[in-house]
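Mind the numbering: the sequence shown is residues 1 to 330 in UniProt numbering, read in order. Glycine residues also receive a C-beta, built at the ideal position from the N, C-alpha and C atoms. Structure record follows, encoded as structure tokens.
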Amino acid sequence: MKGMRISDVKVVLRRLVAINEPVLLIGHAGVGKTQIVRQIGEELNRPVKTVILSQLEPGDLIGLPVSVGGRTEFLRPSWLPSEDEENVILFLDELNRAPLYVRQGILQLVQEKQIGPHTLPKSLSIVAAMNPDMEGYQVNDLSDRALLSRFVVITVQNSAEDLACYLRAKGYTDEEIMPAIDVLEKRGIFSEDIPMPKLDCNPRTIERALRVMRCIADLSQELQYEVLAGIMGMAAADFMRNISGKQLKVEDFLEGRVEKIAEYPLAERITVMLRIIQEGLVEKVPQKVLDALSDEDWASILRNMKKEPSKYFDGFMQLRRVYPRAFEVA
Numbered sequence: 001m002k003g004m005r006i007s008d009v010k011v012v013l014r015r016l017v018a019i020n021e022p023v024l025l026i027g028h029a030g031v032g033k034t035q036i037v038r039q040i041g042e043e044l045n046r047p048v049k050t051v052i053l054s055q056l057e058p059g060d061l062i063g064l065p066v067s068v069g070g071r072t073e074f075l076r077p078s079w080l081p082s083e084d085e086e087n088v089i090l091f092l093d094e095l096n097r098a099p100l101y102v103r104q105g106i107l108q109l110v111q112e113k114q115i116g117p118h119t120l121p122k123s124l125s126i127v128a129a130m131n132p133d134m135e136g137y138q139v140n141d142l143s144d145r146a147l148l149s150r151f152v153v154i155t156v157q158n159s160a161e162d163l164a165c166y167l168r169a170k171g172y173t174d175e176e177i178m179p180a181i182d183v184l185e186k187r188g189i190f191s192e193d194i195p196m197p198k199l200d201c202n203p204r205t206i207e208r209a210l211r212v213m214r215c216i217a218d219l220s221q222e223l224q225y226e227v228l229a230g231i232m233g234m235a236a237a238d239f240m241r242n243i244s245g246k247q248l249k250v251e252d253f254l255e256g257r258v259e260k261i262a263e264y265p266l267a268e269r270i271t272v273m274l275r276i277i278q279e280g281l282v283e284k285v286p287q288k289v290l291d292a293l294s295d296e297d298w299a300s301i302l303r304n305m306k307k308e309p310s311k312y313f314d315g316f317m318q319l320r321r322v323y324p325r326a327f328e329v330a
């Protein structure tokens, strides 16, 4: 899937940090995850403490043992904020490069704001980051749903517009910026997919989603959807929209409501269109609706159909007959 634009990540992250909701940023190397967190810290006047988790040794996690009055205690690690440090943003980088014992400690830290015998301040906000689990990265498997369910997961995608704004703020001119951005665009840097880890829908994530929705209710539906997907997964995000009574319906396609369809996120348009294809209703969809779907829509629709060919076989043949252009642009 495509990630959230950096400008949108900043908007969402400000709000999640303000309610001390743990966030996990997933993005390719060099996309700017660290810079985003530092900038949010500066804007909110909150100190940022960075920890490279892959570099932690066993003694770094809970501190070195010392004997005090005949009993063993652990010195507080230097990377942990003290209990009297207020409003710190703890940035945990390279989460999926950390060894298992570190990740187990991080689970307790995120869940209880405590690690071993050390308690963290209640005002602490936690932001973690990692590269995607895909070819080109030497990372550990992070399919631990107990750990993932403690975060709002956000995939981060740079865009030409965001990069241009960042470079202008650094003092570079458009004459310098545009040729550099052109190089990146030709290499597909702004369109790389970022796999989203599988997330569960359970009572804890439902409660988190309801809490988060209170602070993002005024954002666009697209952004709300992306945030919910990072809490409960795509299917659960659809469910949340359903109970709000604002879900996109098959009837919207059959009755040609192009403007309404365009307001909904890509994943939701695809979900409804796949249902239409499976039920053999493509020929009942007005031409203007099919034309309004983007190349990205059609590419995603066909990818999903190919994953379950037997399920969509009849619909696939009908789509090829009714709207062959879908296969030309995908």
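Status (buried if at least 16 other CB within 10 Å, exposed otherwise) for residue i
i      : result
Val227 : buried
Ala146 : exposed
Ile6   : buried
Gly230 : buried
Arg100 : In the sequence on display, residue 100 carries Leu and not Arg. Leu100 should be labelled exposed.
Asn202 : exposed
Gln35  : exposed
Met178 : exposed
Glu251 : exposed
Asp291 : exposed
Leu210 : exposed
Asp297 : buried
Proximity below 8 Å, CB of residue i to CB of residue j
i      : j      : result
Val156 : Pro121 : no
Arg187 : His118 : no
Ile19  : Cys165 : no
Val289 : Val258 : yes
Phe327 : Arg320 : yes
Ser125 : Val17  : yes
Leu25  : Ile189 : no
His28  : Asn131 : yes
Rounded C-alpha distance that separates residue i from residue j
i      : j      : result
Ile115 : Leu109 : 5 Å
Glu83  : Lys311 : 56 Å
Gln104 : Val23  : 17 Å
Ser294 : Leu61  : 49 Å
Asp174 : Glu185 : 16 Å
Gln221 : Thr271 : 16 Å
Gly32  : Asn158 : 8 Å
Gly63  : Glu73  : 9 Å
Asp8   : Asp182 : 22 Å
Lys198 : Gly233 : 7 Å
For residue i, three-class secondary structure by DSSP
i      : result
Val48  : strand
Glu279 : coil
Arg187 : coil
Met305 : helix
Val285 : coil
Met4   : strand
Ile89  : strand
Open item on the list: Quick check on the DSSP output: what are the complete beta strand (DSSP E) runs of length 3 or more inside the segment 91-146, in order along the chain?
Closed with: 125-130
- [ ] Report the residue ranges of all beta strand (DSSP E) runs contained in full by the segment 141-181; include only those spanning at least 3 residues, in chain order.
- [x] Look at the segment 141-181 and you find these whole runs of beta strand (DSSP E), each 3 residues long or longer: 152-157.
TODO: Output the residue ranges of the alpha helix (DSSP H) runs that lie fully inside the segment 26-87 and measure 4 residues or longer, sorted by chain position.
DONE: 33-43 and 58-62
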